[in-house]
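Here the sequence shown stands for residues -23 to -1, 1 to 52, numbered as in mature numbering (1 follows the signal peptide of the UniProt record, and there is no 0). Don't be surprised by glycine CBs; every beta carbon is placed ideally from N, CA and C. Read the structure below first, then the notes.
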Amino acid sequence: MKLIVVAIIACILLIGCCDLASASEACGCQPCGPGGKACANCPERVPLCKDLINIMSDLERKVRLCVCGEQEWLL
């Protein structure tokens, strides 16, 4: 039991001394994604947003028609 407590304390001290979240500068990774340049094989933000909004609208329509049983004239 004492050995486990000592191991846990040692791990906490090691993690406190090392910044595990920092990456080395040699990585060469460029940030991409929301708010920045589009990632490889991804469309730019504006066309992507329009496409996703259309998909969500179509999905909402299908749910209201097929799952909720609403009439088409209500949409």
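If you look at Pro24, you'll find it in the alpha helix (DSSP H) that goes 22 to 39.
At least 8 Å separates the beta-carbon of Cys16 from that of Leu25. The three-state reading of DSSP puts Glu49 in helix, counting H, G and I together. Ala17 carries a coil assignment under DSSP once its states are collapsed to helix, strand and coil.
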